[in-house]
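Engineer:
Chains as they are written, first to last, in the working numbering: chain A, 1 to 294; chain Y, 295 to 588; chain V, 589 to 882; chain B, 883 to 1176.
Following this line, the structure appears as structure tokens:
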């Protein structure tokens, strides 16, 4: 057995981990046998922008909303998110749509507040080995989306998950988002083999972020299909009403119009692979319109 | 337009390239809309080994046989193939199965002989920028399988294809076989985004070699499915009767028993993606048994 | 001008940054024209171990002591340092030797305490883009040693420095510690060109850590010399009394006996390059023995 | 002992390899204890260009001239050298200067002709694992300059040298020219640790090409000094009368005026490291002017 990850390791007697995420309207599941789609804009840019987007996304059958309010940026002069001001917007989006919300935390001191509003907490690539943050998020009972580091080995990635599991939080979802290589025609290189390998080594669910991984709008769709075909348990996709004016990651964002057929493709591929795309169980009738039961 | 590749570039007026490979029993096609499966052992180890393998592979619906007789090896002390002695074995395998054969050439001086026997010539990763070899193979009318270099950029890969096209040979198939990165749990990192991007940039067919790309038997199947899902036009897979005793690449080789269900999976995925898996058109009745019309 | 780093950029009218580090016995300088040697064990393992080591290091002409009490480790099961208990040991080492001390901080909540004891704070590779930590350390008036991330580009590294400078702290020293590449015979690949390029792009001092960069004891000496030859303003070197029993990084640690002649070599190379090796100005006579004025 | 390289391995009883290169005017040595400087333009562009350059280089104390007549280029539309027409120019340069000449061979069929004119044959990065070429050059008694592949591991590099040694040619000089990494501010990343490590693992001489390795004129000088400091036995540097109009690699070429003081710096560093810079032994009096005895 690996000396680095033990709680994260797949063992004969250990069952696959299923993450159940509660939201105002019911429950979303992430894990083996399901295909869970997370979508939203890279950043929450304003109340108008985000709430409009959410309403455009809902009919496409999204299971979880993403929306960054603390953005890690290479340059301190870039837009770094609305900060805690954005929390209210996320809360409103959640109520409006009935969908659960995931958002990234950069600073230990924001964890409490974010956990009160969001249904899942994201640890981003740049913080994959921010061990203080990992241990702290491990003390919460909130599901965690752990992105692979920019150039993290599979072992380091599972080691990072282990820090969270060890601290008591068993609800960890791994997210492959491309690794850094010499190839510069794509923003990163999606490690599709790692998706299959991590599923083999660990009982934790694994999803893929084809938007950050490729950095090119036209590649999101083929890479999303490939991810599901390789065994991924879900996808996280960037969508923006007006990608060309997005405050971050416009080049890789889809419009809601482009996203809708992609979501159909993904769900068809998931069903072909024997996965349920009914990852949301609605309890409040008014929210589960026909277009919504995916 | 790229200054590096012009003949290889996808242009509005330019149709996709289809490669037709003639064999004793009919024709095999590689190109958009087809899914072509190439299989065989990394090396032709002996007459007995290879002919037995070919007979085991045929029922699985392979379209093209691979078998290396000139093997590029890091160490000069490793098995470097049977050399020209192996040509007779490839010829026999071709007659026996009716299937076309592809084999790698390392030395310009072997091109003539190999082209007389084989239906397709492979330029391996280590020779992707052996420009003398590229120009020479460009003078033949034989289809070429051009593997991506160990750490070649997409632009360099298309530039290498351009050398062949410029010399007059238009029948080039590109093969993604994993690139070199920091991750060492897999032999290489499959660049699945590059498969989709190259299909976008060029009219040439693209296939994937999940065996070399991952170096792990258990990953061949998920990566093969992912490749087809991302738009690849085919696959090249290593199969060996006895992987543990293979003279090269045993760790990533499947047995014929493991390969048969994988071939079924691949074909099902291809059909789901709207691709024909009937890439071989048999003209000789005795060779197209029911199990063979895939 | 780069949109990512502006305060860190070398401008015609801007002078080189010199860092002055106060210690019980006087002042240590890091910056253009000086060669500053930082040495110590990767981790402070115990009071006995560390104080003994410090006494062995002092005669070799070390300018700054390193000693980790919070250790970022891939596995949560590895030794992760003595934590705040180690602070007292660092304080004692500082008094005993008269030398300033640098130690890594992983958690924002430890910054205050560490800054009270240490003369310089290290931000490690895994936290190079822990922006919350960068901004916080930027509020202190303590010199910062900012290591390059595992796979950070030069632009990202300077962007990280910019976060600290923007927050008000101008005392930043950059530390190249090798980047992650495909080569696995060395732990990392020292980017010697980056040392020279960063000196060209920025006015901040740059030092090199040949121990982490190579991960091999025998390479520390040639890479240390190369670093000074390329223009580095100093070195950070791991030394341990008993490398084979070190709790971390033993394979790359030198014994004090091996370190002494290396320090001589480094100082000779520095003088050859026109750098002063007299980076410590002693104010307390009893601490500046002859062997110490380097 | 490594299974990959045995003849190339440093063994207790085995002496360092010294390469003696004969030229019209005497002998040049490459090996431990010497610092050998190879310089010239990337390509021989015309008779006028190259002969003028050689006359400008000679006073700077160059030991060997480089000049490419067969150029491996990513794009077939780039200038690929004068080809065999350039051989006459190299011959003239050799006679005019009395200095030996090294030039790259891409095609087995050119080996004979190039070996008749040149004093050393270069195998370039793209052909490091062109095993047919390696075995063929191993049959000649001509010294070989073997560049490291674009992304070759140290083991693969030594394995490539082994192919030449095994074929009978013991005169191999290894050349580090930067490896491919994610960093794009430099053309490649110089692996300075590899220089020291290869000197430890093998008895073959190792030189560094700071021009291709960095791709930036301003970095040639610091990296050249670093290479000698790390133990390299020499350097290969690109010089061009008019870098901005060079047909290849202009951005990294120095003018003869920039090269002259660099050559002085290199020689000073070499002497500081205990190396002789008197690597040319002149036998013809008229060629060894005072400025030439370096």
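Glycine included, C-beta positions come from ideal geometry on N, C-alpha and C. All figures in this text were calculated on a predicted structure; none of them were measured in a lab.
1. For residue 680 (chain V), which residues in the same chain have their Cβ closer than 7 Å to its Cβ, ignoring the five residues on either side in sequence?
2. What are the boundary residues of the alpha helix (DSSP H) that includes residue 270 (chain A)?
3. Please name the residues in the stretch 757-777 of chain V whose beta-carbon is closer than 8 Å to at least one beta-carbon of chain D, in chain order.
4. Looking only at its chain, what residues have a beta carbon closer than 6 Å to the beta carbon of residue 126 (chain A), apart from the 5 residues adjacent to it on each side?
5. Could you tell me the boundaries of the alpha helix (DSSP H) in which residue 1099 (chain B) lies?
6. DSSP on residue 835 (chain V), reduced to helix/strand/coil?
7. Listing by chain order, which chain A residues have their CB less than 7 Å from the CB of residue 519 (chain Y)?
8. Assign residue 305 (chain Y) to one of three DSSP states: helix, strand, or coil.
9. Out of A:142, A:137 and A:213, which has the shortest C-alpha to C-alpha gap to residue 188 (chain A)?
10. Would you grab the beta carbon distance between residue 742 (chain V) and residue 691 (chain V) for me? Rounded to a whole angstrom, and I think it's under 8 Å.
11. Taking only three categories from DSSP, how would you classify residue 1069 (chain B)?
12. State the CB to CB distance for the pair residue 1155 (chain B) and residue 1110 (chain B), rounded to an integer number of angstroms; the pair is presumed to be in contact (CB under 8 Å).
13. For chain A, find out if any of its Cβ atoms is closer than 8 Å to the Cβ of residue 512 (chain Y); answer yes or no.
14. Looking at C-alpha atoms only, which residue of B:1066, B:925 and B:999 is the closest neighbour of residue 960 (chain B)?
15. Just the C-alpha distance for residue 15 (chain A) and residue 203 (chain A), rounded to the nearest angstrom, thanks.
16. For a contact meaning CB atoms closer than 7 Å, what does residue 191 (chain A) contact in chain V?
17. Short of 7 Å in beta carbon distance, which residues of its chain neighbour residue 1151 (chain B), apart from the five on each side in sequence? Order them along the chain.
18. Report the option in A:90, A:173, A:220 and A:191 whose CA atom is closest to the CA atom of residue 150 (chain A).
19. Drop a sphere of 10 angstroms on the beta-carbon of residue 512 (chain Y), count the other beta-carbons inside from all chains shown, and report buried for 16 or more, exposed for fewer.
20. Starting from residue 502 (chain Y), follow its DSSP beta bridges and name the residues at the other end.
21. With distances taken Cα to Cα, identify the nearest neighbour of residue 176 (chain A) among A:240, A:197, A:184 and A:165.
22. Mind pulling the chain V residues with CB within less than 9 Å of residue 252 (chain A)?
23. With 16 as the cutoff for other CB atoms within 10 Å, does residue 49 (chain A) come out buried or exposed?
24. Along the chain, where does the beta strand (DSSP E) that runs through residue 696 (chain V) open and close?
25. Just to confirm, is the Cβ distance from residue 329 (chain Y) to residue 560 (chain Y) under 8 Å?
26. Could you check the C-alpha separation between residue 852 (chain V) and residue 536 (chain Y) for me, to the nearest Å?
27. Is it the case that the Cβ atoms of residue 40 (chain A) and residue 56 (chain A) are separated by a distance below 8 Å?
28. Among A:186, A:164, A:271 and A:207, which residue has its Cα nearest to the Cα of residue 252 (chain A)?
29. Using beta-carbon positions only, say whether residue 440 (chain Y) and residue 467 (chain Y) come within less than 8 Å of one another.
30. Please classify residue 870 (chain B) as buried or exposed, where buried requires at least 16 neighbouring CB atoms within 10 angstroms.
31. Relative to the C-alpha of residue 408 (chain Y), which residue among Y:425, Y:324, Y:437 and Y:390 is closest?
32. Determine the burial state of residue 600 (chain V): buried for a count of at least 16 other Cβ atoms within 10 Å of its Cβ, exposed for fewer.
33. Using the Cβ count rule (16 or more neighbours within 10 Å means buried), how would you classify residue 429 (chain Y)?
34. Which term fits residue 646 (chain V), buried or exposed, when burial requires 16 or more other beta carbons within 10 angstroms of its beta carbon?
35. Under 7 Å Cβ-Cβ, which residues of chain A neighbour residue 563 (chain Y)?
36. Does chain B have any CB closer than 8 Å to the CB of residue 865 (chain V)?
Structural biologist: On the basis of the coordinates in this document:
1. Excluding sequence neighbours, residue 680 (chain V) sits near 639.
2. For residue 270 (chain A), the enclosing alpha helix (DSSP H) covers residues 256-272.
3. This model lacks chain D altogether; the protein chains it does include are A, Y, V and B.
4. Apart from the 5 residues on each side of it in sequence, residue 126 (chain A) sits with its Cβ closer than 6 Å to the Cβ of 72 in its chain, given in chain order.
5. Judged by DSSP secondary structure, residue 1099 (chain B) falls within the alpha helix (DSSP H) whose first and last residues are 1099-1112.
6. The answer is coil: DSSP assigns residue 835 (chain V) none of H, G, I, E or B.
7. What residue 519 (chain Y) touches in chain A: 229 and 230.
8. Of the three classes helix, strand and coil, the one that applies to residue 305 (chain Y) here is coil, per DSSP.
9. If we check each option's Cα against that of residue 188 (chain A), A:213 comes out closest.
10. Wrong, their Cβ atoms sit about 26 Å apart, outside the cutoff.
11. Three-state DSSP puts residue 1069 (chain B) in coil, outside helix and strand.
12. Between residue 1110 (chain B) and residue 1155 (chain B) the Cβ distance is about 6 Å, and since that is below 8 Å, they are a contact.
13. Against chain A, the CB of residue 512 (chain Y) has a partner CB under 8 Å away; the residue lies at that interface.
14. If we check each option's Cα against that of residue 960 (chain B), B:925 comes out closest.
15. One Cα belongs to residue 15 (chain A), the other to residue 203 (chain A), and the distance between them is close to 7 Å.
16. For residue 191 (chain A), none of the residues of chain V pass the 7 Å Cβ criterion, the least Cβ distance being about 14 Å.
17. Excluding positions up to five away in sequence, the list reads 1107, 1110 and 1111.
18. Comparing Cα positions, the closest option is A:191.
19. The residue in question, residue 512 (chain Y), is exposed, as its Cβ has fewer than 16 Cβ neighbours within 10 Å.
20. Beta-bridge pairing links residue 502 (chain Y) to Y:470 and Y:529.
21. Nearest option by C-alpha distance: A:197.
22. Correct list: empty, because the minimum Cβ distance to chain V is about 19 Å.
23. Residue 49 (chain A) is buried by the Cβ-count criterion.
24. No beta strand (DSSP E) holds residue 696 (chain V); DSSP gives it neither H nor E.
25. In this structure, residue 560 (chain Y) lies closer than 8 Å to residue 329 (chain Y) by Cβ.
26. Residue 852 (chain V) and residue 536 (chain Y): Cα-Cα distance of roughly 59 Å.
27. Taking 8 Å as the cut-off, the beta carbon of residue 40 (chain A) is found no closer than this to the beta carbon of residue 56 (chain A).
28. Cα-wise, what sits closest to residue 252 (chain A) is A:186.
29. In contact: residue 440 (chain Y) and residue 467 (chain Y) (Cβ atoms closer than 8 Å).
30. Shown here, chain B extends from 883 to 1176; a query on residue 870 (chain B) therefore has no answer.
31. Selection Y:425, Y:324, Y:437 and Y:390 evaluated against residue 408 (chain Y) yields Y:437 as nearest (Cα-Cα).
32. Counting C-beta atoms within 10 angstroms of its own C-beta, residue 600 (chain V) has fewer than 16 neighbours from the protein chains shown and is therefore classed as exposed.
33. With 16 or more Cβ atoms within 10 Å of its Cβ, residue 429 (chain Y) is classed as buried.
34. By the Cβ neighbour-count rule, residue 646 (chain V) is buried, with 16 or more other Cβ atoms within 10 Å of its own.
35. By Cβ distance, chain A contributes 229.
36. Closer than 8 Å: no.
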